[in-house]
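Student:
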Amino acid sequence: MSGPGRVSRRVLLGGALGLPLLAFARPESLAKRPAEFAEVGNSIQMTISLPALIRGNDEEALASIDSGFDTTLEYRVTVWEHGSRLKIASRTLVLKLRRDPWKKHYLLRTKGSSGWIKRSFESREEAIAAAVTLDGIRICSASDLTRGGEAGPFYFVEIMAMRNPLSRGRGEGRGTETHRGQGRDAEWFRRLVETLAGERARAEKVVHVRTNPFFLVPR
1 MSGPGRVSRR VLLGGALGLP LLAFARPESL AKRPAEFAEV GNSIQMTISL PALIRGNDEE
61 ALASIDSGFD TTLEYRVTVW EHGSRLKIAS RTLVLKLRRD PWKKHYLLRT KGSSGWIKRS
121 FESREEAIAA AVTLDGIRIC SASDLTRGGE AGPFYFVEIM AMRNPLSRGR GEGRGTETHR
181 GQGRDAEWFR RLVETLAGER ARAEKVVHVR TNPFFLVPR
């Protein structure tokens, strides 16, 4: 129980049931990355790390960061209901990472609704670890989901992470969020056409993964 004025936080259980995922856009070909989910107020938050986006032995990527020019990371995050065509929500996050040659530290900027949020790090390793980790980001509203517990329904998150993207897919906007039931058939058809046409996100590095399924804990 939470006392007055306190924000309720509940960790959501992952559906470690070996559930097959949706058949569109070949999700079965996507690598699985474990994620943690939590409910905070009316927000569903996710934490996941994607270290493959900037590997410690990628000399070109590391040299680019140390050059003082921005390395841009773009994360396209989409929440799907398991076993259906229903898209719950989507958003895009943009981060920029570089070394400040004058202050001799690493600067990580995250694009927010009111501007850039800045963090600085002494070491490159710490800066990269923060840049490739989505830590407690909001992915949708709890009210968009159905509370069914272990019986389902289940949900999962698709993440398209890009390092220095060269182009933006049609209809994708920064910081946008699409809610339950909005254009689900159009979204399904667009993704199917893009898959059949061989259209892929273009970037120096692309990491396309899906999370473990999760469900909303009954109250």
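Numbering of the sequence shown is given in the numbering used here, commencing with residue 1 and proceeding in unit increments. We put the beta carbon where it would ideally sit given N, CA and C, even for glycine.
By DSSP, does residue 61 sit in helix, in strand, or in coil?
Tutor: Taking the sequence shown and counting its residues from 1, the one referred to as residue 61 is at position 61. Reduced to three states, the DSSP call for residue 61 is helix.
Student: Suppose you measure from the CA of residue 30 to the CA of residue 208; what does that come to, to the nearest Å?
Tutor: Against the sequence shown, residue 30 aligns to sequence position 30. Against the sequence shown, residue 208 aligns to sequence position 208. Between residue 30 and residue 208, the C-alpha separation is close to 6 Å.
Student: Can you list, in chain order, the residues of its chain with a C-beta nearer than 8 Å to that of residue 218? Leave out the 5 residues immediately preceding and following it.
Tutor: Along the sequence shown, one-based indexing puts residue 218 at 218. For residue 218, where only same-chain residues beyond five positions count, the Cβ hits under 8 Å are 147, 148, 149.
Student: Pull up the distance between the alpha-carbon of residue 36 and that of residue 47, whole angstroms please.
Tutor: The sequence position of residue 36 within the sequence shown is 36, counting from 1. The sequence position of residue 47 within the sequence shown is 47, counting from 1. Those two C-alpha atoms are separated by around 5 Å.
Student: What's the call for residue 87, buried or exposed, on a 16-neighbour Cβ count within 10 Å?
Tutor: On the sequence shown, residue 87 is found 87 positions in, with the first residue counted as 1. Result: buried.
Student: Over what stretch of residues does the beta strand (DSSP E) that includes residue 124 continue unbroken?
Tutor: The residue given as residue 124 occupies position 124 in the sequence shown. Not the beta strand (DSSP E): residue 124 falls in the alpha helix (DSSP H), residues 124-131.
Student: With DSSP run on the structure shown, which of helix, strand or coil describes residue 218?
Tutor: Taking the sequence shown and counting its residues from 1, the one referred to as residue 218 is at position 218. DSSP places residue 218 in coil when its eight states are reduced to three.
Student: I need the straight-line Cα distance from residue 38 to residue 65, nearest angstrom please.
Tutor: Here residue 38 corresponds to residue number 38 of the sequence shown, with the count starting at 1. Here residue 65 corresponds to residue number 65 of the sequence shown, with the count starting at 1. Taking the straight line from one Cα to the other gives about 32 Å.
Student: Does the region 67-76 come into contact with the region 89-108, if we say contact requires no fewer than three beta-carbon pairs (one atom in each stretch) closer than 8 Å?
Tutor: A contact exists between the region 67-76 and the region 89-108.
Student: By Cβ distance, which residues of its chain are closer than 6 Å to residue 134, with the 5 residues on each side in sequence left out?
Tutor: Here residue 134 is taken as the residue at index 134 of the sequence shown, counted from 1. Excluding sequence neighbours, residue 134 sits near 48.
Student: I need the boundaries of the beta strand (DSSP E) containing residue 72, first residue and last residue.
Tutor: Within the sequence shown, the letter at position 72 stands for residue 72. Run containing residue 72: 71-81, per the beta strand (DSSP E) assignment.
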